[in-house]
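Below is one structure; the comments refer to it alone.
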Amino acid sequence: MKKLSHFVIIMVLFCLFGASIKAVENRFPNNAKFTRGVGNTCFWVSNSASKYKASIRTRAQNWMYTGYDNKIYMTEVSSNYATHMDFYAKSSDSVIKGKVLGYTAYYDGNGNRLSPLGKGPSKNYFYTEIILKTSVPTNDNKGTIAHEMGHAFGLAHTETSKARLMWHDTSRTRITPAKQENDIINYLYK
Numbered sequence: 001m002k003k004l005s006h007f008v009i010i011m012v013l014f015c016l017f018g019a020s021i022k023a024v025e026n027r028f029p030n031n032a033k034f035t036r037g038v039g040n041t042c043f044w045v046s047n048s049a050s051k052y053k054a055s056i057r058t059r060a061q062n063w064m065y066t067g068y069d070n071k072i073y074m075t076e077v078s079s080n081y082a083t084h085m086d087f088y089a090k091s092s093d094s095v096i097k098g099k100v101l102g103y104t105a106y107y108d109g110n111g112n113r114l115s116p117l118g119k120g121p122s123k124n125y126f127y128t129e130i131i132l133k134t135s136v137p138t139n140d141n142k143g144t145i146a147h148e149m150g151h152a153f154g155l156a157h158t159e160t161s162k163a164r165l166m167w168h169d170t171s172r173t174r175i176t177p178a179k180q181e182n183d184i185i186n187y188l189y190k
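Under this note's numbering, the sequence shown has 33 at position 33, and the numbering climbs by one with no breaks.
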């Protein structure tokens, strides 16, 4: 009986505290996020990434309408003045090489980069640049765009489930956020 009561106490504690810890597992350690929130997220697509424009628009819809409640609303704009996300495409650079299909860079309001390329932000950020590889296969570009948008919103890679959009592998088959990823957005942008 004593073992059973200990088990019940442990399960109750896990349900109370463990679930909330799990819900925020793949955010950046410092909870870095957009300083302006996500209620009116403006994005701009450069000429270099124009071939991805339709896919970017669809992925924006996927983030707004996840099937779960969140504060995300995204609007495409015609210039990159005061945007949240700017999309570019490159054939290669210091990060885009080998199997890397894209990355997100984080900036403050003065245009200063807040972290080394390919790394998470060091603090809250004003805007992001999402760099996509120009030769991404169609099946991978959809998932890569959605994945990099997740980084822009403040999500880090997950280590626990290949079924999640923020899985760190290069195979990008998932194109919509999982409930847990949606919950992390709600946690960050309370």
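Ideal Cβ placement from N, Cα and C applies to all residues, glycine included.
(message) On the DSSP letters alone, give me the boundaries of the beta strand (DSSP E) that Ile130 sits inside.
(response) Where Ile130 is concerned, the enclosing beta strand (DSSP E) stretches over Tyr127 to Lys133.
Alpha carbon to alpha carbon, how far is Glu124 from Ile56? The sequence as given places Asn at residue 124; Glu does not occur at that position. Rounded to whole angstroms, Asn124 to Ile56 spans 24 Å at the Cα level.
Within its chain, find whatever has a CB closer than 7 Å to the CB of Glu181; leave out the 5 residues flanking it on each side and keep chain order.
Taken in chain order, the residues that qualify are Gly150, Leu155, Arg164, Leu165 and Met166.
message = Could you tell me the alpha carbon to alpha carbon distance between Ile130 and Lys179, rounded to whole angstroms?
response = Going from the Cα of Ile130 to the Cα of Lys179 covers about 23 Å.
Point to revise | Contacting residues, own chain, Cβ-Cβ under 8 Å from Ser46 (five flanking each side not counted) | key: Its chain contains Asn80, Asp86, Phe87, Tyr88 and Ala89 as the residues whose beta carbon lies nearer than 8 Å to that of Ser46, once the 5 sequence neighbours on both sides are disregarded; these appear in chain order.
Item to complete: Could you spell out where the alpha helix (DSSP H) holding Met64 opens and where it closes?
Response: Lys53 to Met64
Pull the bridge partners of Thr144 from the DSSP assignment, please.
Paired residue(s): none; Thr144 is not in a bridge.
| request: Buried or exposed for Val8, please, with buried defined as at least 16 other CB atoms from any protein chain shown within 10 angstroms of its CB. | output: Low confidence applies to Val8: its pLDDT is 43, below 50, so where it sits in the model is not reliable, and the reading given next is rough at best. Looking at its Cβ environment, which holds fewer than 16 other Cβ atoms inside 10 Å, Val8 is exposed.
Per DSSP, what kind of secondary structure is Met74 in: helix, strand or coil? strand
query: For chain D, is any of its Cβ atoms less than 8 Å away from the one on Asn112?
result: Among the chains in the structure shown there is no chain D, since it carries only a single protein chain.
Hey, would you say the C-beta of Leu165 is under 7 Å away from at least one heavy atom of the ligand FMN?
-> As for the ligand FMN, it is missing from this structure, which has no ligand bound.
Exercise for the section: Measure the C-alpha to C-alpha separation of Trp63 and His84 and round it to an integer number of angstroms. Expected result: 14 Å
- Query: Excluding sequence positions up to five away, which residues of its chain have a Cβ less than 8 Å from the Cβ of Gly193?
  - Reply: This structure does not reach residue 193, given that the chain is present from 1 up to 190, and the question cannot be answered.
Requested in this report: Would you kindly report the start and end of the unbroken beta strand (DSSP E) that includes Lys90?
Outcome: Met85 to Lys90
Any idea what DSSP makes of Tyr107, helix, strand or coil? Collapsing the DSSP output to three states places Tyr107 in a strand.
Practice task
Using alpha carbons as the reference points, say which of Thr176, Thr173, Arg174 and Thr160 lies closest to Asn26.
Solution key: Thr160
Checklist entry - To which residues of the same chain is Cys42 closer than 8 Å at the C-beta, ignoring the five residues directly before and after it? => result Met74, Thr75, Glu76, Val77, Ala82, Thr83, His84 and Met85
Task: Asn31 and Asn186 closer than 8 Å at C-beta - done: no
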